[in-house]
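In the numbering used here, the protein residues as written are 3 to 436. Just so it is clear, CB atoms sit at the ideal spot from N, CA and C, and this is done for glycine as well. The next block holds one structure in the form of structure tokens; read it before the comments.
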Ligand code: C2O
Ligand code: CU
């Protein structure tokens, strides 16, 4: 990426449309859109969106409420919507071939599910996702706490990258095997998309960061205030962590909630090997006359049953293949435990409520962010203690990550790499809870 020529004016912001009505049915219509991704003066970029936008409209509900979405497919290819991170009924999970059939062009599908836990989630296409998500078919799904924290503004921040030319044209060649077998489809241009781009000095913000990219791991730095990291993948941390204490890293599909007291323009930097790359800035104008003084505490607990048991079963899932991985070719580029693609039978079956320990071992030359549908799991820290409670865990090449999961949601659940080209070329499997 050429910072000077291509990125100097990257601070222009795109606005995410206001919240859709969560009480009534939300209509979500997938169709082609042309949006300004590059700063003013360049061409519009032809993408796919929901209701004429990418990101699509915000879907917002309160913990315990039911979300109803009438999805209409206005694309020239099939699609389906997945509600990433929600512990929902299996039939509403949006996975063609596992939980529903493809919604063909011109067809519709009614999604209806309860949201049992608050937090920052998102929805995205789960059909040809390496292409449809890269073209913009995603949006925010926000579940409010019954007793929300005291803040001045709640701002959703999507980080994404696009492979586009300098004139704004989206590059085709989706699904090329070189991308699939390496780090995935990385973009040539990255930015942050804010639901609001103006705040006041002294405001307390809740920033809901969502990595919607199909391949890029975002290492972020946020300037313009002091604050804390309060949640990962929608789940509150028991103790908040001061911002800047640990690297802020989001693998594809991961989310992080930051609570920030504003003392200047809030800028978002992507840390790259070539130095910091500007993703965008939330402007600070005027001063809040009554800033919130109380210290920033943890978000209210999700009150989900937490797995504390040792784990009844322990199994290992080995990530294999890819460039330099030596063993797979053709479109079966990646594998889990020597199997590439979705097997007919589940990789493992669990009884409802069973607690299991799984080792995710990365025997490839690339990092993989592994996502389990319908559940969250604990990352086991190096000292054996329970670490973050997530739905997507990043495992670097040559590393292992143990997770502990309580399988309490019945159904057929996908388990896959969220580098979507890796998923498409084999790195996926499923488990059954019954
Ligand atoms: Cu975010 Cu299987 O998906
Ligand atoms: Cu991967």
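- In terms of Cβ geometry, residue 249 and residue 268 do not form a close pair [threshold 8 Å].
- Note on residue 42: under 16 other CB atoms within 10 angstroms of its CB, so exposed under the neighbour-count rule.
- The chain-ordered list of residues whose CB is nearer than 5 Å to some heavy atom of the ligand CU reads 370, 419, 421, 424.
- For residue 124, the enclosing beta strand (DSSP E) has its first and last residue at 121-127.
- In this structure residue 322 is in contact with residue 340, their Cβ atoms being roughly 7 Å apart against a cut-off of 8 Å.
- Contact check for residue 111 against residue 145 fails: the beta carbons are separated by 8 Å or more.
- Listed as beta-bridge partners of residue 414 by DSSP are 434.
- Secondary structure of residue 248 (DSSP, three-state): coil.
- Annotated three-state conformation of residue 133 is helix, per DSSP.
- The three-state secondary structure of residue 340, taken from DSSP, is coil.
- Taking the C-beta atoms as reference points, residue 32 is found no nearer than 8 Å to residue 46.
- Using a Cβ distance threshold of 8 Å, residue 98 and residue 129 count as a contacting pair.
- Within 10 angstroms of the beta-carbon of residue 258 lie 16 or more other beta-carbons, which makes it buried.
- With a threshold of 7 Å, the Cβ atom of residue 180 does not count as near the ligand C2O, since no heavy atom of the ligand is closer than that.
- The continuous alpha helix (DSSP H) containing residue 179 extends over residues 179-183.
- Contact between residue 294 and residue 208 does not hold, since the beta-carbon distance rounds to 11 Å and is not under 8 Å.
- Contact holds between the stretch 421-428 and the stretch 173-187, because three or more Cβ pairs, one in each stretch, are under 8 Å apart.
- One Cα belongs to residue 201, the other to residue 419, and the distance between them is close to 36 Å.
- Using a Cβ-Cβ distance cut-off of 8 Å, the stretch 238-245 and the stretch 165-173 are not in contact, since fewer than three pairs of beta carbons, one from each stretch, lie closer than that value.
- When DSSP states are grouped into helix, strand and coil, residue 370 belongs to the strand group.
- Within a 10 Å sphere around the beta-carbon of residue 289 sit fewer than 16 other beta-carbons, which makes this residue exposed.
- Closest option to residue 432, judged by alpha-carbon separation, among 178, 113, 319, 121: 319.
- The DSSP-derived three-state label of residue 377 is coil.
- Shown here, residue 390 sits in a strand according to DSSP, grouped into three states.
- In this structure, residue 252 places its C-beta atom within 8 Å of the C-beta atom of residue 222.
- Excluding its 5 nearest sequence neighbours in each direction, residue 300 has C-beta neighbours in its own chain below 7 Å: 232, 238, 239, 240, 241, 242, listed in chain order.
- The Cβ atoms of residue 372 and residue 395 sit closer than 8 Å to each other.
- By the neighbour-count criterion, in which a residue is buried when 16 or more other Cβ atoms sit within 10 angstroms of its Cβ, residue 137 is buried.
- In this structure, residue 255 has its CB closer than 7 Å to one or more heavy atoms of the ligand C2O.
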